[in-house]
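Everything below concerns the one structure shown next.
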Amino acid sequence: MTYIAKPKVSHPGMPRNSLGLTAREYEGAVSTLCAGCGHDSVTAAIIQAVFELNIEPHMLAKMSGIGCSSKTPAYFASQSHGFNSVHGRMPSVTTGANAANRKLTYIGVSGDGDSLSIGAGQFVHAIRRNLNMCYIIENNGVYGLTKGQFSASADIGTKPKKGLPNQQEPIDPVSSAIALGATYIARSFSGDKDQLVPLIQGALLHDGFALVDVISPCVTFNDHEGSTKSYAHTRKFYHHVVEADYVPPAEAIKAQYDEGSAMPIELHDGSKIVLRKIESEYDPTSRAKAFKYLRERFNAGEITTGLLYVDDSRKEMHDLMGNIETPLSEYPLEKLQPGNAELKKILLRYR
Amino acid sequence: MKPTDTSNPEYFHKVVDCQWACPAHTDVPEYIRLIAQGRFSDAYSENRKSNVFPGILGRVCDRPCEPACRRGRIEDRPVAICRLKRVAADHRGDVTASLPKAPQQTNGKRVALIGAGCASLTVANDLAPLGYEVTIFEALEKTGGLMRTNIPQFRLPPNVLDEEIGYILDMGVDLKMNHRIDSMKDLLDDGFDAVFVGTGAPRGKNLEVPGRYDSENIHIGIDWLESVAFEHIEKIGEKVLIIGVGNTAMDCCRTSLRIGAKDVKVMARKPRGFFKASDWELEDAEEENVEIIVNHSPKEFVLDDGKLIGMTFELMEYNVDEQGGIDRGTVTGEVTIPCDDVILAIGQDNAFPWIERDIGIEFDKWECPVVDEETMMCSRDGIFFGGDSAFGPKNIIWAVAHGHEAAISIHKHCHGESLKDRLPDGVNLASQKMGMHEWSYSNDYDPAARRLMPHVDLKERFKKLDIEVELGFTAEQAIQEVERCLNCDIQTVFAAKLCIECDACIDICPVNCLTIAENGDEADLRTRLSAPAENREQALYVSEDLPQTSRVMVKDEDLCVHCGLCAERCPTGAWDMQKSTVLLPYASDEAAGEQQDAAAPAA
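Chains as they are written, first to last, in the numbering used here: chain E, 208 to 558; chain A, 336 to 938.
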């Protein structure tokens, strides 16, 4: 944890986005997490992603629950909206916020404890609603804030710093999300921003529920030998199957892709996510095949990463319900509040 | 790229831009920290070790350190290094204890130094404490050389000169004033063990245009300044033209204003940006309402009945190419500007009419002696040159640097050792971590702008020639200015084997100077870093292969503010902030080494 604030000085050659902002202007307070925490790298990746997407800070909402992960929204986009909710209740609060104002970009930052234990039910139903948000799980397999007990994502056989190895079956957020029907599912690693940043960008622009499960090592309680969520273990068993490149609107696809392996997915603002299969047999558009592949590789001890499943045909919550585009805050008060006479008419219908 | 060899003393030395740029390699960040701690005497002594004349240089140094200062690349203006040096000098207490002292017994070796300027005085400063019998021959009635004759008193008060020169002369140096050396041959006949020539570049360049010799009111800048300094000249006409726009021209115009001139114009042949004068000297002159007129090339003097009444100039037009180069220009017209006096300040030459050409001292086609840049010895054994007399006009701090090197050579020469077999530079590294979140230096970046030097009121300052214009920083200004120093000598030192590639340092770095990347050649790597790395003068610090991915950590040294956050955020201590101390050998170190060798039993 750092008491020394990051000084306001910056590189004079820093690029600016179309709003004239530098990435520094999407930063937040100085992190109070442990030095070397994977979560700080995820924070840096989020900063880079929203900076490159030219998101106006006042059009971004940062949502979180409780845990080390849930502290991180304080460390980016200090000019944006934020809501630090009750443990595991971030999906409900985001649902409410999104229901009232669908024009904001919602980014929820949660952890394996917040999403897979106390908030598992909330997580599941946010997927079911296809809530339009980017849902990031900073997944380190331990409860860092309470001194490193195993969480629900700890693998069988992974060793704690002290005590016995874990024996319980882990909950894998990615295969769970595939089973539940999430429409954008990715896994990445805090130590690989080249992969992580475009995955977050795709998730922010995806219409519907986008999950990014990020292996984010706990440098204090889970980065030792024998841990399956350490920096070294993740790097060793890291298996990147589908690479995603974000291509902004109005920009031609420049990178060279092998014939047949590139798959551009058009996003609602005209930008594209270009998928490039590194593993030729992997099919990120088939739930069944993706699930089978992921379970097989999981059993082989591999950590499959990349954009693992995407379905851009399903409608998000508002479209399913036929809601209006206008945020309630901009909607005329007389229409929001029909008044006493109108209310009496409605009540009369039930008499 | 190969991993950076940080054991090479040059590597970290170069990161300390100011110290690297200083010819005498003054440890700038160290003395600035001492000032910050209120240890003015220690800051003065730290300065004196390398530059010998902190009070003098704190006023009139050409300050190559300041354009080099990293702060100037991060925001506009560098740390006011030079003026902080003066702070150390102004506020120092009794420094007697830290001054070098001559031993009771001399070593019997006699060294002659010609000229009592900064180069010779530095040699005396280094050799007297080793027991040498040093004799300085000075042609004029006062010491200091051009520091006294060419730099006006309103910039450099005589008492400052006297005090700092006194520290050296008080070591028992034999000073022979009004003693011009007219023949090197005769001097050599006196049997000195070594001779050092520190006679400067005493001949002001002339301007051979019509009318040059028809009036008494046309002066050569450096001679004129010397005459003013010795009070042989006490006034000048109301309208004065200065030809040339170097630092001597600035001293001439400002001196003129103090002895009777009302309207002073500095005539420049070229446009702004091509002036030789330092920016700050131009600023100080313009503050005194000196007019600088560009694109005027002198053609002839205009006289009326034997009296100088003006000067004719050709109006010039130049083309500047994309690289900033300027052509020879074309003449577009002519103009005559009225004046009472003209001062020529267009440069200086070396002149050695007193050195016989048949005594084994080789001269080049410009009539300059051929001098070895490392040893400062000419082609005749035992004769050394330094300061402007060695390689033409430079500045005081170069003369000091030459003096130190010459002193080492003279010592080796007198002991029959090889001049080339010199002690190498060294570097010490020491961690500055004091505890949790605690570093031994002030690592918080202070965004304060450069402090402005307070000046004597514009009316007041012209009343007398010797009113020092610059007042020196106040205590408040000094406190603020020291915090602007980035402590570039507190180095970021990386141990690849400890790195777990968590990216914490990369994410926290405020100026994006860190990257973990696949290795490549330098040109390629520079295109793949976190932020543009376009300053090729500044090194890339490349690590050994990292344990987990075999990539490398790359640091672009260019804009690092040495805030220490990389080390602060590193969970494994792979980054550490370590103070680098560059160890530069002086004559005393060479002597100490010999004593150790002598004391050691034969192998």
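In this text, a Cβ means the ideal position worked out from N, Cα and C, and glycines have one as well.
Limits of the unbroken alpha helix (DSSP H) element including Gln408 (chain E):
400 to 412
Nearest-angstrom Cα distance between Thr431 (chain A) and Ile718 (chain A)?
32 Å
Looking at the unbroken alpha helix (DSSP H) that takes in Phe290 (chain E), where does it start and where does it end?
Not the alpha helix (DSSP H): Phe290 (chain E) falls in the beta strand (DSSP E), residues 288 to 291.
Bridge partner(s) assigned by DSSP for Ser437 (chain E):
Paired residues: none, contrary to the question.
Cα-Cα separation, Glu365 (chain A) to Glu381 (chain A)
8 Å
Measuring straight from C-alpha to C-alpha, what distance separates Ala852 (chain A) and Glu892 (chain A)?
16 Å
Does DSSP put Asn582 (chain A) in a helix, in a strand, or in coil?
helix
Using the C-alpha atoms, what's the distance from Val300 (chain E) back to Asn547 (chain E)?
29 Å
So what does DSSP say about Ala284 (chain E), is it helix, strand or coil?
coil
Taking the straight line between their C-alpha atoms, what separation do you get for Gly928 (chain A) and Ile471 (chain A)?
27 Å
Compute the distance between the beta-carbons of Cys837 (chain A) and Gly398 (chain E), then report whether it is under 8 Å.
yes
May I ask you to list, following chain order, the residues of the stretch 211 to 225 of chain E that have a beta carbon less than 9 Å from some beta carbon of chain A?
Ile211, Ala212, Lys213, Pro214, Lys215, Val216, Ser217, His218, Pro219, Gly220, Met221, Pro222
Alpha carbon to alpha carbon, how far is Gly501 (chain A) from Leu510 (chain A)?
11 Å
Distance CB(Cys341 (chain E))-CB(Tyr313 (chain E)) smaller than 8 Å:
yes
What runs of the beta strand (DSSP E), each 3 residues or longer, lie entirely inside the stretch 635 to 674 of chain A?
642 to 652, 665 to 673
Within 8 Å, do at least three Cβ pairs link the stretch 381 to 397 of chain E to the stretch 492 to 499 of chain E?
yes
Applying the 10 Å Cβ sphere with the 16-neighbour rule, what's the burial state of Met512 (chain A)?
exposed
Starting from the C-beta of Glu561 (chain A), find all residues in its chain whose C-beta is less than 6 Å away, skip the five residues before and the five after it, and write them out in chain order.
Thr484
So, does the CB of Ser194 (chain E) fall closer than 8 Å to a CB anywhere in chain A?
The structure shown does not extend to residue 194 (chain E), since chain E spans only 208 to 558, so no value can be given for it.
Does the beta-carbon of Ala507 (chain E) have 16 or more other beta-carbons within 10 angstroms, so that it is buried, or is it exposed?
exposed
Mind checking if Ala284 (chain E) is an interface residue toward chain A, Cβ cutoff 8 Å exclusive?
no
For the stretch 903 to 918 of chain A, enumerate the residues whose C-beta is nearer than 8 Å to any C-beta of chain E, in chain order.
Glu903, Arg904, Cys905, Pro906, Thr907
Beta strand (DSSP E) containing Trp701 (chain A): first to last residue?
It is not in any beta strand (DSSP E) - Trp701 (chain A) carries neither H nor E in the DSSP assignment.
Is Gly393 (chain A) helix, strand or coil by DSSP?
helix
Integer Cβ distance of Arg405 (chain A) from Asp352 (chain A), believed to fall under 8 Å
5 Å
Whole-angstrom distance between Val828 (chain A) and Val889 (chain A), CA atom to CA atom
12 Å
Anyone know if the C-beta pair for His748 (chain A) and Ala529 (chain A) falls short of 8 Å?
yes
Span of the beta strand (DSSP E) holding Thr534 (chain A)?
Run containing Thr534 (chain A): none; DSSP gives neither H nor E here.
Strand pairing of Cys341 (chain E), partner residues [DSSP]
E:Ile314, E:Ala417
So, for Cys588 (chain A): in the same chain, excluding its five sequence neighbours on each side, which residues have a beta-carbon less than 6 Å away from its beta-carbon?
Ile577, Val599, Val601, Ala620, Val625
Can you pull the chain A neighbours of Cys241 (chain E), defined as C-beta to C-beta under 8 Å?
Pro906
Counting pairs of beta carbons, one from the stretch 434 to 450 of chain A and one from the stretch 867 to 879 of chain A, are three or more of them closer than 8 Å?
no
With 8 Å set as the bound, which would you pick, yes or no: does the beta-carbon of His772 (chain A) sit closer than that to a beta-carbon of chain E?
yes
Does the separation of the CB atoms of Pro413 (chain A) and Gly407 (chain A) fall below 8 Å?
yes
Is the beta carbon of Val846 (chain A) less than 8 Å from the beta carbon of Phe347 (chain A)?
no
For a cutoff of 8 Å on Cβ pairs, would you count Gln941 (chain A) as touching chain E?
The requested residue 941 (chain A) is not part of the displayed model; chain A covers only 336 to 938.
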